[in-house]
Each structure stands twice: as C-alpha cells, then as structure tokens.
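Taken in order, these protein sequences are the chains called A and B.
In terms of our numbering, the first sequence is residues 1 to 242.
In terms of our numbering, the second sequence is residues 243 to 484.
Backbone N, C-alpha and C define an ideal beta-carbon position, used for all residues, glycine too.
Beneath this line is the structure, given in structure tokens, with notes to follow.
Protein chains: 2
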Amino acid sequence: MDEGRRAVRRQVLQVAAKLLEEGGSEAVSTRAVAAAAGVTAPVLYRLFDDKDGLLAELAAYGFAMYLAEKREALALTPDDPVADLYRGWDLHVDFGVQHPAFYMLMYGTVEPGRRPPAADEAHALLVGLLRRAAEAGRLRVPVEEATRVIHAATTGVTLALIGEEPPQRDLTTSARLRDTVIASVTTDPPAPSGPDLASRALALDAALEARLGAEPPASGAGVPLRPTEMALLREWLRQLAV
Amino acid sequence: MDEGRRAVRRQVLQVAAKLLEEGGSEAVSTRAVAAAAGVTAPVLYRLFDDKDGLLAELAAYGFAMYLAEKREALALTPDDPVADLYRGWDLHVDFGVQHPAFYMLMYGTVEPGRRPPAADEAHALLVGLLRRAAEAGRLRVPVEEATRVIHAATTGVTLALIGEEPPQRDLTTSARLRDTVIASVTTDPPAPSGPDLASRALALDAALEARLGAEPPASGAGVPLRPTEMALLREWLRQLAV
DNA sequence: TCGTCCATGGAACAACGATATCGCATCATG
DNA sequence: CATGATGCGATATCGTTGTTCCATGGACGA
Numbered sequence: 001m002d003e004g005r006r007a008v009r010r011q012v013l014q015v016a017a018k019l020l021e022e023g024g025s026e027a028v029s030t031r032a033v034a035a036a037a038g039v040t041a042p043v044l045y046r047l048f049d050d051k052d053g054l055l056a057e058l059a060a061y062g063f064a065m066y067l068a069e070k071r072e073a074l075a076l077t078p079d080d081p082v083a084d085l086y087r088g089w090d091l092h093v094d095f096g097v098q099h100p101a102f103y104m105l106m107y108g109t110v111e112p113g114r115r116p117p118a119a120d121e122a123h124a125l126l127v128g129l130l131r132r133a134a135e136a137g138r139l140r141v142p143v144e145e146a147t148r149v150i151h152a153a154t155t156g157v158t159l160a161l162i163g164e165e166p167p168q169r170d171l172t173t174s175a176r177l178r179d180t181v182i183a184s185v186t187t188d189p190p191a192p193s194g195p196d197l198a199s200r201a202l203a204l205d206a207a208l209e210a211r212l213g214a215e216p217p218a219s220g221a222g223v224p225l226r227p228t229e230m231a232l233l234r235e236w237l238r239q240l241a242v
Numbered sequence: 243m244d245e246g247r248r249a250v251r252r253q254v255l256q257v258a259a260k261l262l263e264e265g266g267s268e269a270v271s272t273r274a275v276a277a278a279a280g281v282t283a284p285v286l287y288r289l290f291d292d293k294d295g296l297l298a299e300l301a302a303y304g305f306a307m308y309l310a311e312k313r314e315a316l317a318l319t320p321d322d323p324v325a326d327l328y329r330g331w332d333l334h335v336d337f338g339v340q341h342p343a344f345y346m347l348m349y350g351t352v353e354p355g356r357r358p359p360a361a362d363e364a365h366a367l368l369v370g371l372l373r374r375a376a377e378a379g380r381l382r383v384p385v386e387e388a389t390r391v392i393h394a395a396t397t398g399v400t401l402a403l404i405g406e407e408p409p410q411r412d413l414t415t416s417a418r419l420r421d422t423v424i425a426s427v428t429t430d431p432p433a434p435s436g437p438d439l440a441s442r443a444l445a446l447d448a449a450l451e452a453r454l455g456a457e458p459p460a461s462g463a464g465v466p467l468r469p470t471e472m473a474l475l476r477e478w479l480r481q482l483a484v
C-alpha cells in the first residue's frame, strides 16, 4: 500500500506547486494545501513531517523541474564546454524569472545550514559543466572556485531581476555579468593557430605608439630600444598583426 | 508630546533590532517585540501600522547602520574613485556577513514591488560612487548599468556567504568576483607611462613561444618573420618586458 | 464472528497578527 | 469646585496558522 501513499504525495506536491506559483509563498499554508489536495491535516503531517518538510519536498520538486528543463536544453549542445556554461547561465536566469516563487524557495532562503538538500543535485550539474570545461583545458581556476563564483553571480542577478517589476526587467545586465564572469574563469579556446598572436601584436604596437607619442620624438627615454630598432620592431609587429 | 512618541519608537526599534540579530527573523514577532520593549500591542500598532510597517522601519534602521559604517569608512579614502568601489564592495559584504539577519531583511526579500524604500539611500550611495568614477573617466559603461551589475554581484556573493557555515566561508570568492566585476565596468587609470607595455610584450612573447613550439623548429610557417628576425624580435620583447 | 491494530478525521491547543471594548486620567467648562 | 467630554492605554478578544490528540471506523488475522 506504499504505492497509494506515493501517489498522494505527488498529488499533494503538485497542488502545493500550483498554489506556490499562483499565490506566492504566502498561499502555501498547511490548511490551504490540505484542502486543495482533498486531504486532512494529519495525513499531510504523516506524509511530510513538518511544514518545513513539505517546503523541502516542494523545493526538491522545483529542482526537479529545473534540472529537467536544463538537462533537456543542454543536451542539444554538441561539445563546447564553455558554450554550455553560457547556456547554463541563461537557463538558470530564465527559470528564476519564469518561476519567481519557486526560485525564492529554492535559492532565496539562505539560513546558514538550512540549504535545501535537493540543491546539491543542481549544484552537481554546474560542477559537472565546469569539470568538463576543466578537462578541456578551458578553465583557469579550480573547479570549486569557479563554481562558487558563477553560483554567486547567477543567483545575484536572478534575485535582482525578480525584484524588479517585469516591464522594466533588463536582461542586458545578466548578459554583461555572464560574459564577464565566465570569461574570468575560462580561458580562450586553444586557437588553431596558437595564442592570439595578431591582437597581442596590435596591443603592443598601440602601447608603443602611446609611449612614443607622449614623449619628445627623439628622446626614447623609458624604452630600451634605439629609434631604428624601434622602427623595425613596429614594422614586424604590423606584419604579425595581419 | 510628539517627543515621547519618537523616543518610544526608537526604543522599540532598538529592541527589535536586538531580537533580530540574536534570534533571526523568527524571533521578531509583534508580541515578542512589544513584551521586550515594555509596551503593549496596541501602541506598537499605533507607532507602526502593520507588522510590515515595523519590519520596514527595522530595515530602514539597518540601512542607517549600514550607511553610517560605509560613509565613515569611505570618508578616509582620499580621491581614487575606483579604489572606493573596491572598498565599497568589501564593506557591503562585511556588513552582510556580520549582520546576516539584517542583511536578509534588507536585501533578501525580493518580492517584485516590496523593495524596502530605505534601500534607495544605499542605492544612491553606490550610484554616487560610480558617478564620481564616471566623472573621472574611469567608467566604461553607463552609471546605471554599472550600478545594476555591481549590485547584483555583491548581493549574490553576500547571500552565498551567509548561506555557508561560518567556518568554511571563503572570502576569496568575493575578492575574485569583485576584481572581475569592477574591472569589467571600469577602465585602467590614465597610466602616467602609457598603456601596459611590459605585460603586452610578455603576452606577445608567450604567444610566439607557443606558436613556434607547436611547429617543426625550422619551418616558421604562419609567422611572417625569418628565424633570425624572430630571435631579435623576442630579444627586444624581453627587454621591453622588464 | 470477534479482536486487535492502525490510519483517519474531527476537534482542539498554542502562538501569532490584529483589533475592539472598557477604564482611567486629563482637561475644558459651567 | 464639580461635572462632562476627550483621548490614551491595557485587557480581552477574534481570526488564522502550525501542530497534535483522541475517538472512530475499517481492515486484517484467528
């Protein structure tokens, strides 16, 4: 008869999820959930111990939704670990914006030990993405450190977006932070022609231009090359820059 | 007789603040606050309209503490707008870590319109810092955009830090994200000696190293310089890199 | 058929947010 | 000085929510 209990559990959770999405966390009271699910209070306390237990299971339900969406969308990508990081970021933010009450339940309650245990699975997904990037040599920091940075930044933008009224939500902030943060923990692709030769030559040439332009033409102070050498150097730099 | 009311108000707020810091948001009930402050329920409802009103005033109290600390600490800095951004970041995170319950009340409740109005003052402080940076020519994005990015990132790391147990809190994550985010919205100082010559020379040298090392020694394919020229170029680059 | 066990459901308890009613003190006025 | 009006505060109360107790009823085995 354990089968019936599981069916009731799932039904109660679905009803609670509906209440949460429609009415926010305020609408999720034990009475409202029990009444809407057609059960009485004691059965709700037999299925889940507490209201906290119910909310924990509800958070797990939300994480299951989240992981289902995310795994499906990420499965399409062929084999670019860093591109997966970008898509993972956007999927995370989209989930938060489209399910704000769930997101608050899942990521908003940050009491120093009461982290919903179901969050570990979502955490593991991000760790997996980063581990794959690390194995491809695209990570410039340890996996754990990259996880913390990306997790903190994504939850920050998502909560900020949820806090704004929908009309004035500005997704460019998320995109900017995403590009910045991911670029800061990843490294450029191995570049079939080696490191970025042309741009580095250009950058050095520009720096030389600025240095020389700021000084009396023939002085050359601060640059350990003579003018003729400098001219030849810059000639070569421009050749490398093509 | 308005004087007495204000005194009672402040006393109630101080008591509520103590309860909040010691027992978390759970400990802040109208009854507990009223009892601890030595007033009865109706006076509490005359001073503040709701419990929400009390919490809003409590959030304002927290913002006042926060602004006092921050203004005092920032006043010491002479005149480096970007350095102020770094210090402002650290002060924000420190406040959150040292007053987690207050921080949750101030920044954790993100219902799409119930942002505590006292937050505007703290927001204005960040905007002021960024405006000064913009006036000094150190900002590469609009002030408002920089505000959103920094605000989202700081609240994200702070909430993540609060969510971890104190022993394993890792401040390096905050530092890394801070450096990355602030660097992404600011520009390098006008550099009395021009752009970063040495590092650019080093970068180019490393790229050449990688390019040459990945190919048969004498081939030189893909590099438009002959081996002798390349040797001299790299000699000069290393001179520039000191 | 009867007895035992156990889940169930209704009711009730405790705590909370919020408010109404009553008493009292203060003050103005005859 | 006496008396009525006025406004404030405290007690008592209401409605709601989380949680649990206890009696009831049915299911299952002997």
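The beta-carbon separation of residue 286 of chain B and residue 254 of chain B, rounded to 7 angstroms, stays under the 8 angstroms limit for a contact.
Taking a Cβ-Cβ cut-off of 8 angstroms, the neighbours of residue 352 of chain B in chain A comprise 104, 108, 159, 160, 162, 163, given in sequence order. Ranking A/224, A/186, A/109, A/61 by CA distance to the CA of residue 140 of chain A puts A/186 first.
A straight-line Cα-Cα distance of about 8 angstroms links residue 88 of chain A and residue 126 of chain A. Closer than 7 angstroms to the CB of residue 357 of chain B there is at least one CB belonging to chain A. Within 9 angstroms of the CB of residue 409 of chain B, no CB atom of chain A is found; the nearest one sits about 10 angstroms away. Taking 8 angstroms as the cut-off between beta carbons, none of the residues of the region 301-312 of chain B comes near chain A. Non-local C-beta neighbours of residue 263 of chain B in its own chain, meaning closer than 8 angstroms and more than five positions away in sequence, comprise 341, 343, 344, ordered along the chain. Looking at the DSSP output, residue 428 of chain B shares a beta bridge with B/381.
The three-state secondary structure of residue 271 of chain B, taken from DSSP, is coil. DSSP places residue 240 of chain A in the uninterrupted alpha helix (DSSP H) bounded by 227-240. Inside the region 345-424 of chain B, DSSP marks whole alpha helix (DSSP H) runs of 4 or more residues at positions 361-377, 385-405, from first to last along the chain. Across the set B/426, B/438, B/454, B/440, the C-alpha of B/454 shows the shortest separation from the C-alpha of residue 197 of chain A. Residue 413 of chain B counts as exposed, since fewer than 16 other C-beta atoms from the protein chains shown sit within 10 angstroms of its C-beta. Here residue 149 of chain A is buried. Its C-beta has 16 or more other C-beta atoms within 10 Å.
At a cut-off of 7 angstroms, the C-beta of residue 252 of chain B has no neighbouring C-beta in chain A.
With the rule of 3 Cβ pairs closer than 8 angstroms, the region 303-315 of chain B counts as touching the region 361-378 of chain B.
Closest in alpha carbon position to residue 316 of chain B, among B/339, B/370, B/380, is B/370. Residue 335 of chain B carries a helical assignment under DSSP once its states are collapsed to helix, strand and coil. For residue 81 of chain A, not one C-beta of chain B is nearer than 7 angstroms to its own C-beta. Burial is judged here by how many other beta carbons sit within 10 angstroms of a residue's own beta carbon; residue 242 of chain A has fewer than 16 and is exposed.
One Cα belongs to residue 166 of chain A, the other to residue 480 of chain B, and the distance between them is close to 54 angstroms. Apart from sequence neighbours up to five positions away, the residues of its chain that approach residue 86 of chain A with a beta-carbon distance below 7 angstroms are 178, 182, ordered along the chain. In the three-state DSSP reduction, residue 48 of chain A falls in the coil class, being neither helix nor strand. Around the beta carbon of residue 41 of chain A, fewer than 16 other beta carbons sit within 10 angstroms, so the residue counts as exposed. Residue environment: residue 323 of chain B is assigned as buried (16 or more neighbouring CB atoms within 10 Å of its CB, all protein chains considered). Chain B has a Cβ within less than 7 angstroms of the Cβ of residue 155 of chain A.
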